[in-house]
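Numbering that gives the first Met the number 0 puts the first residue of the sequence shown at 0, with every later residue one more than the last.
This report concerns only the one structure given below.
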Amino acid sequence: MAAADQVPFDDRGLAFGDGVFETVLMRDGAPLLWPRHRARLRHGCRTLGISPPDDAALEACWQPPASGLEVLKIMVTRGSGGRGYALPERQRPRLLYRRTAFAPARSRWRGVDVCLCALRLARQPALAGIKHLNRLENVLARREWQSADIAEGLLADTDGNLVEATAMNVFWRADDAYWTPPLDASGVAGTLRAALLEQGRVQEAPLSAETLLESSAVEQLFVGNSVQGLWPVNALVTPRGRRLRRFAEAAGAPLQADAHALLGYPTLSRED
0 MAAADQVPFD DRGLAFGDGV FETVLMRDGA PLLWPRHRAR LRHGCRTLGI
50 SPPDDAALEA CWQPPASGLE VLKIMVTRGS GGRGYALPER QRPRLLYRRT
100 AFAPARSRWR GVDVCLCALR LARQPALAGI KHLNRLENVL ARREWQSADI
150 AEGLLADTDG NLVEATAMNV FWRADDAYWT PPLDASGVAG TLRAALLEQG
200 RVQEAPLSAE TLLESSAVEQ LFVGNSVQGL WPVNALVTPR GRRLRRFAEA
250 AGAPLQADAH ALLGYPTLSR ED
């Protein structure tokens with residue numbers, strides 16, 4: 000496993016997006032939800048046919064430990080070599096990482112507006128769920144809005160099914176339960192999402208963008224990830240800010256409390 004502070008020109012991660020990454024919340028030197036991040040990174044490496052880094056190499060990414068909150072970003076590329084898209088005969092994967100101080104967007108725990116993006120995610124089961132380095136769909140979707148009043152953008156696939164947000168997973172409340180879309184054809188299977196599924200706090204179910212817009216059965220909506228926590232959605236808007244529909248107040252909802260407990264974030268009350 001080769002390491003580098005700078006990516007060489009011929010690195011396949013740079014050239015082709017041939018690799019995977021993880022973004023990990025660190026609290027006082029400890030990586031939160033680490034078994035899930037490690038498992039997803041290894042699964043992504045296996046999917047792409049890259050030898051994953053061993054535990055010692057990964058643990059070195061957060062040494063020496065520090066106090067407070069940080070975000071650790073880990074990238075594993077296939078390394079250099081090969082002619083065109085052909086794989087190198089001898090692969091030497093490259094591990095890169097960086098730690099930065101972090102503070103969550105606490106004001107967004109009380110509620111945000113999100114837009115419905117025009118871009119549609121391609122359905123590709125071979126890559127579904129993993130956090131590979133080719134995020135061009137997310138980049139194009141993020142270009143659709145500029146207003147600071149819009150916190151995130153929701154993405155549906157080419158069949159019109161809700162999948163995720165540009166950098167977060169999606170959850171909703173309907174029929175006295177919490178739900179999240181299945182990610183068997185596209186999208187990133189987030190580690191916070193995985194933990195909530197394992198706890199039985201959410202279940203998988205399909206939801207079309209059309210139903211999200213029109214059905215009053217979808218009472219509350221959330222976007223969240225393992226770094227920022229869970230943001231309740233106040234309103235769904237267009238990228239230009241025109242309101243499409245509102246959702247019931249959800250700050251301090253049980254799902255948010257469960258998600259924040261996993262990350263060491265405070266639970267909000269209705270009065271916060």
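Note that the Cβ used here is the ideal one computed from N, Cα and C, for glycine as well.
State the DSSP-derived secondary structure class of residue i, mapped to helix, strand or coil.
i	result
residue 227	coil
residue 253	helix
residue 168	strand
residue 46	helix
residue 20	strand
residue 133	coil
residue 106	helix
residue 138	helix
residue 93	strand
residue 128	strand
residue 76	strand
residue 273	Here the chain has residues from 0 to 271 only, and residue 273 is not among them.
residue 147	coil
residue 221	strand
residue 209	helix
residue 57	helix
residue 260	helix
residue 1	Since pLDDT at residue 1 reaches only 47, below the 50 mark, its modelled position is unreliable, and no value is offered.
Taking the alpha carbon of residue i as the reference point, which residue from the options has its own alpha carbon closest?
i	options	result
residue 79	24, 113 and 9	9
residue 125	167, 183, 71 and 173	183
residue 262	5, 11 and 23	23
residue 70	81, 59, 82 and 103	103
residue 272	165, 12, 13 and 176	In this structure the chain extends from 0 to 271, so residue 272 is not present and cannot be described.
residue 25	72, 50, 38 and 41	72
residue 231	53, 43 and 254	254
residue 33	6, 173, 140 and 189	189
residue 81	15, 256 and 210	15
residue 279	173, 174, 161 and 187	The question about residue 279 has no answer here: the residues shown for the chain are numbered 0 through 271.
residue 39	27, 21 and 194	21
residue 29	7, 178, 64 and 74	64
residue 300	239, 68 and 215	Outside the shown range of the chain (0 to 271) lies residue 300, about which nothing can therefore be said.
residue 300	197, 61, 67 and 43	Coverage of the chain is limited to positions 0 through 271, which leaves residue 300 absent and any answer about it impossible.
residue 206	193, 181, 225 and 192	181
residue 306	237, 202 and 123	The chain is shown from 0 up to 271; residue 306 falls before or after that span and cannot be answered.
residue 68	89, 226 and 56	226
For residue i, write down the residues that DSSP places opposite it in a beta bridge.
i	result
residue 163	154
residue 100	69
residue 30	25
residue 62	Residue 62 is not bridged to any residue.
residue 329	Outside the shown range of the chain, which is 0 to 271, sits residue 329, and nothing can be said about it.
residue 177	172
residue 116	In the DSSP output, where bridge partners are listed per residue, residue 116 has none listed.
residue 187	128
residue 235	113 and 244
Exposed or buried, residue i, counting other C-beta atoms within 10 Å across all chains shown (16 or more means buried)?
i	result
residue 228	buried
residue 99	exposed
residue 48	exposed
residue 148	exposed
residue 2	A caution first: residue 2 carries a pLDDT of 49, below 50, which makes its placement in the model unreliable, though a value can still be read off. By the neighbour-count rule (16 or more Cβ atoms within 10 Å), residue 2 is not buried but exposed.
residue 17	buried
residue 84	exposed
residue 159	exposed
residue 7	exposed
residue 212	exposed
Flag residue i as yes when its Cβ comes closer than 8 Å to any non-hydrogen atom of the ligand PLP, and as no otherwise.
i	result
residue 209	Looking at this structure, you won't find the ligand PLP or any other ligand, since it has none at all.
(request) Specify whether the region 89–99 and the region 123–143 touch according to this definition: at least 3 beta carbon pairs, one from each stretch, less than 8 Å apart. (result) no
(request) Examine the Cβ distances between the region 108–120 and the region 146–163 and report whether three or more of them are shorter than 8 Å. (result) yes
(message) Three or more C-beta pairs under 8 Å: does that hold for the region 205–221 against the region 248–255?
(response) yes
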